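Chemist: FYI, the numbering for the sequence shown is 1 to 752, going by our numbering.
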Amino acid sequence: MKYAFFESLSSTEKYYFNFQTDEGQVLLISHGYKEQADCELGVQEVIEKVSDAHRYQRTEVKADEYFFSLIGDDNERPLGMSVAFETQTEMERAIKLLMAVNGTNISWVDEVEEEEVEEEEMVEEIVYRIEEEDQGPQYSIFLRGKYKEADIEGLKYNKKNLYYYQFLREGKPILKSYIYRRKVGCERDLQIAINNAPDQNKYKLKKVSDTKYYFNLISPEGVIVGVSKMFEHTEAMKEGISWLLGEPYQGRIEDHLPVSALDIELLPLVYDGKQKRIIEPFRSIPFNKVFIESWFKNDTAKYYFNFEDREGIPIIVSQAYDSKETCTEAIKSIMRASKHLANFEVKDNEKEEYFFNIKNQDGKLLFTSVLYDDKAQVDKAVNWMTGRSVRKRIRPSKEQMARAKAELAAKEAERLAQERARLEAERRRLEMIRKEREAQRLREEEEERKAAEERRAYREQKRKEEEELRRQNRLRLEEEERQQLALKKQQEEEARLEEERHKQKELERKRAEKKRKQEEAERIKQAKLEKERKRRETPKPAKKEVKKEVVQAIKEEPILETAPIIETTTIKEESSGLKKYLPFVLIALLAPLLWLGIRGCGGENNSHNVSNSTSVAKTLVGPSAKQLGFTSNTTEAQIADFLSLAASKVPQSFVLKQLDFEENTPNIKEGNTQLDDLIKILGSYPNVKINITADLQAQEQAAYQEMGLAHARAKMVFDYLKARGIQENRMNFQATQPSKNNRQVTLIITDK
Numbered sequence: 001m002k003y004a005f006f007e008s009l010s011s012t013e014k015y016y017f018n019f020q021t022d023e024g025q026v027l028l029i030s031h032g033y034k035e036q037a038d039c040e041l042g043v044q045e046v047i048e049k050v051s052d053a054h055r056y057q058r059t060e061v062k063a064d065e066y067f068f069s070l071i072g073d074d075n076e077r078p079l080g081m082s083v084a085f086e087t088q089t090e091m092e093r094a095i096k097l098l099m100a101v102n103g104t105n106i107s108w109v110d111e112v113e114e115e116e117v118e119e120e121e122m123v124e125e126i127v128y129r130i131e132e133e134d135q136g137p138q139y140s141i142f143l144r145g146k147y148k149e150a151d152i153e154g155l156k157y158n159k160k161n162l163y164y165y166q167f168l169r170e171g172k173p174i175l176k177s178y179i180y181r182r183k184v185g186c187e188r189d190l191q192i193a194i195n196n197a198p199d200q201n202k203y204k205l206k207k208v209s210d211t212k213y214y215f216n217l218i219s220p221e222g223v224i225v226g227v228s229k230m231f232e233h234t235e236a237m238k239e240g241i242s243w244l245l246g247e248p249y250q251g252r253i254e255d256h257l258p259v260s261a262l263d264i265e266l267l268p269l270v271y272d273g274k275q276k277r278i279i280e281p282f283r284s285i286p287f288n289k290v291f292i293e294s295w296f297k298n299d300t301a302k303y304y305f306n307f308e309d310r311e312g313i314p315i316i317v318s319q320a321y322d323s324k325e326t327c328t329e330a331i332k333s334i335m336r337a338s339k340h341l342a343n344f345e346v347k348d349n350e351k352e353e354y355f356f357n358i359k360n361q362d363g364k365l366l367f368t369s370v371l372y373d374d375k376a377q378v379d380k381a382v383n384w385m386t387g388r389s390v391r392k393r394i395r396p397s398k399e400q401m402a403r404a405k406a407e408l409a410a411k412e413a414e415r416l417a418q419e420r421a422r423l424e425a426e427r428r429r430l431e432m433i434r435k436e437r438e439a440q441r442l443r444e445e446e447e448e449r450k451a452a453e454e455r456r457a458y459r460e461q462k463r464k465e466e467e468e469l470r471r472q473n474r475l476r477l478e479e480e481e482r483q484q485l486a487l488k489k490q491q492e493e494e495a496r497l498e499e500e501r502h503k504q505k506e507l508e509r510k511r512a513e514k515k516r517k518q519e520e521a522e523r524i525k526q527a528k529l530e531k532e533r534k535r536r537e538t539p540k541p542a543k544k545e546v547k548k549e550v551v552q553a554i555k556e557e558p559i560l561e562t563a564p565i566i567e568t569t570t571i572k573e574e575s576s577g578l579k580k581y582l583p584f585v586l587i588a589l590l591a592p593l594l595w596l597g598i599r600g601c602g603g604e605n606n607s608h609n610v611s612n613s614t615s616v617a618k619t620l621v622g623p624s625a626k627q628l629g630f631t632s633n634t635t636e637a638q639i640a641d642f643l644s645l646a647a648s649k650v651p652q653s654f655v656l657k658q659l660d661f662e663e664n665t666p667n668i669k670e671g672n673t674q675l676d677d678l679i680k681i682l683g684s685y686p687n688v689k690i691n692i693t694a695d696l697q698a699q700e701q702a703a704y705q706e707m708g709l710a711h712a713r714a715k716m717v718f719d720y721l722k723a724r725g726i727q728e729n730r731m732n733f734q735a736t737q738p739s740k741n742n743r744q745v746t747l748i749i750t751d752k
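1. Look at the alpha carbon of residue 670 and the alpha carbon of residue 653, and state the distance between them as a whole number of angstroms.
2. Once you ignore the five residues that flank residue 67 on each side, which residues in its own chain have a CB closer than 6 Å to its CB?
3. Below 8 Å, how does it come out for the region 367-382 and the region 342-354: are there three or more Cβ pairs, yes or no?
4. Thinking C-beta only, is residue 185 closer than 9 Å to residue 306?
5. As a quick exercise: from 206, 679, 225, pick the residue whose alpha carbon is nearest that of residue 232.
6. Considering only their Cβ atoms, is the gap separating residue 162 from residue 179 smaller than 9 Å?
7. Assuming residue 317 is part of the beta strand (DSSP E), what are its boundary residues?
8. Please report the straight-line C-alpha distance between residue 303 and residue 328, rounded to a whole angstrom.
9. For residue 19, collect the residues of the same chain with a Cβ closer than 6 Å to its Cβ; drop the 5 residues on either side in sequence, then sort them by chain order.
10. DSSP state of residue 679, grouped into three classes?
11. Using 8 Å for Cβ pairs, my map puts residue 628 next to residue 681. What's the rounded Cβ distance?
12. For residue 92, name the three-state secondary structure that DSSP assigns.
13. Pick helix, strand or coil for residue 170, following the three-state DSSP scheme.
14. In or out: residue 55 buried (at least 16 other Cβ within 10 Å) or exposed?
15. With respect to the alpha helix (DSSP H) encompassing residue 42, which residues constitute its N-terminal and C-terminal limits?
16. Can you tell me which of the three DSSP states residue 164 falls into?
17. Touching or not, the region 143-157 and the region 188-206, by the rule of three or more beta carbon pairs under 8 Å?
18. In terms of residue numbering, what span does the alpha helix (DSSP H) encompassing residue 379 cover?
19. Out of 448, 254, 673, state which residue places its alpha-carbon closest to the alpha-carbon of residue 213.
20. With the cut-off set at 9 Å, would you say residue 334 and residue 368 are in Cβ contact?
21. Between the Cα of residue 296 and those of 538, 319, 287, 314, spot the shortest distance and give me the residue it belongs to.
22. Residues in the same chain with beta-carbon distance under 8 Å from residue 173, minus the five sequence neighbours each way, listed in chain order, please.
23. DSSP three-state label for residue 98, please.
24. For the alpha helix (DSSP H) containing residue 690, name the first residue and the last one.
25. In angstroms, rounded to a whole number, what distance separates the CA positions of residue 711 and residue 665?
26. Which stretch, first to last residue, makes up the beta strand (DSSP E) that contains residue 236?
27. Let's test the definition: count the other Cβ atoms within 10 Å of the Cβ of residue 408 and tell me whether it reaches 16, buried, or not, exposed.
28. From which residue to which residue does the beta strand (DSSP E) around residue 720 run?
29. What does the Cβ neighbour count give for residue 188, buried or exposed, with the cut at 16 atoms within 10 Å?
30. I'd like the list of long-range same chain contacts for residue 723, defined as Cβ closer than 8 Å, with 5 residues on each side in sequence excluded.
31. Output needed for residue 79: all residues of its chain with C-beta closer than 6 Å, excluding positions within five of it in sequence on either side, in chain order.
32. Nearest CA to the CA of residue 17: which residue from 234, 24, 42, 339?
33. Under a Cβ-count criterion, where at least 16 other Cβ atoms within 10 Å of its own Cβ denotes burial, should residue 657 be classed as buried or exposed?
34. Classify residue 632 as buried or exposed, calling it buried when 16 or more other Cβ atoms lie within 10 Å of its own Cβ.
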């Protein structure tokens, strides 16, 4: 195994190193160091920790690419990051090779690499952010503006004719732009920033450490047009974004922050009021000195990717792809083409803007970069893409190499001694921990035993209390049931006595009627006897005198066709001349009697009809079901018709078929309409008294019979009627013996 030092010409952290096999395959690349001495100490730290298996953090990228990072003690930033591997097996083989490294089997690379080394010195990297302490009289304001509550300033750095703008909150910058070499570009991006600031989707969140956060404001093409100040916590960053948005930031900031530089970076999400994700990134991987960021947009159902530098500035912006596979293949084609500098072609346009084209091995154009203001910037982007010219070999002397090897051997021996001491101290610590844990286990077992005993005693006490409560409830229910049965017997006895009184009154009425009829018959009989007695006592006229009178009348008057009516008391003694007038006399006597008989028959019939109507009127004592508006053959109609008839006998029971309860509860499930109809009937008959009974369904009996569920359901109906105006003294309620009925409620009319 070998390692080599490099110096970067385009970064403030300009020193770094890598670990590679003897064949030159790079396995691990360190992070950057500001000082060369710190970089050399970083090599020793990696050698000390590279054999610890738990320090390797593996990451699987969805595009069949794998890489890992070596974590230090602080866990804030990795000591090194691997190159990308095509299979997981290759990645594990690289980890195995690195774990075998120690101070004796690794050497310093002192040979010149075969890759091309750029001889000309690169221009100094562009300063993207102007710190506050750098501002002074050398800056002049070339524009002022207002965006919502923010003040906008356009500043010019007079010394180098550079331009930038910033958004101020209470006089302090909250968002700054990059440096522009031309004022028109600065003003153009300022307008883009103003247009995109109200869009939550245009804020890209960044995490430097647990106490440092910032965000970038990007354009629709993914170009960064503003970089925020550093925030100490996520709530402060959320407040800053909300202040620029003009409304509260939707969602949790933590959900959109990258955990580390090696994790997949989540772009800020946009919500449309329904918490709908608009942009979904599916991977973000490092490549040379740039990052590849790809995502999927739900609104267009297309896939995109960018090649960005470590500041998040796009170098290549892709077109839209219909599938993830084609998008991934395009990324791989750029990665393959970037291995050779000959595949890059730098050009400019008529606006004096620079860009580069990247081609494949066949010379076919793959992609075109974004535009740059000068050629130095595009050259730097090409170098970042190819991984060349961003580092320069530090070639130490032979003496330095020997001294370094001796130092490494001494440090390795010291490390081994420290490791042995550490292992012994660790063994003693583990033994102490084991004893403490054993003692703790015994204490916990004793505490658990005591707690179990207390829980058992508590459960036993609780069981006794519940048993006593159930016994009291059972006694109470038995007493209530006994009272209900006694009340029912009392009501039945009162009903029986009332029935007997009614029968006795009816019997007495019949006896009085019979006696009246007997007295009337006796009176009629006595009247007849008295009449007969008077008739007998009246003396009869002499027959001869009558005969003389009849003869005298015949002699005195002539014979007519119609003879007058005369009294014939003794027909046998009439003369033969009078017999011929007898039919006419009988007709004259019977005609009035016949007329009176016909009138009598008609009058008797009319009197009978009047008597019947009076009887019917006396039979109906209240409104019937039809008069109350109830449908025939319903329970409500049967109750109303029963009460409307005077001859109806009580007690009489009716089943409220439409009334049902929720299973295992006294709550009414349905049937309130039937109870409202019953209230209407009881209001029409204010003297009616009722008894409400309820029973349980078969499956409810075992679990709820002792709890008085049937009694509670009967009381629920009682309370419902009472709450709606029915007097309490007209009603009673009770539970019946369990049956197979479906939670049945029966209404018993005890008095009319």
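Even glycine gets a Cβ: it sits at the ideal position worked out from N, Cα and C. All values derive from a computational prediction rather than experimental measurement.
Modeler: The short version:
1. 21 Å
2. Here the set comprises 59, 82, 84.
3. yes
4. It is not a contact, given that the beta carbons lie outside the stated cut-off.
5. 206
6. yes
7. 314-317
8. 9 Å
9. 3, 27, 28
10. In this structure, residue 679 counts as helix in the three-state DSSP scheme.
11. 7 Å
12. helix
13. For residue 170, the secondary structure class from DSSP, reduced to helix, strand or coil, is coil.
14. buried
15. 36-49
16. strand
17. Contact check between the region 143-157 and the region 188-206: three or more CB pairs, one atom from each, fall below 8 Å, which counts as touching.
18. 375-386
19. 254
20. Their beta carbons are not under 9 Å apart, which means residue 334 does not touch residue 368 by this criterion.
21. 319
22. 132, 166, 167, 229
23. helix
24. Per DSSP, residue 690 belongs to no alpha helix (DSSP H); it is in the beta strand (DSSP E), 689-694.
25. 11 Å
26. Not the beta strand (DSSP E): residue 236 falls in the alpha helix (DSSP H), residues 234-245.
27. buried
28. First-last for residue 720: 709-723, but that is the alpha helix (DSSP H), not the beta strand (DSSP E).
29. The residue is exposed, with fewer than 16 neighbouring Cβ atoms inside 10 Å.
30. none
31. 46, 70, 72
32. 42
33. Residue 657 is exposed by the Cβ-count criterion.
34. exposed
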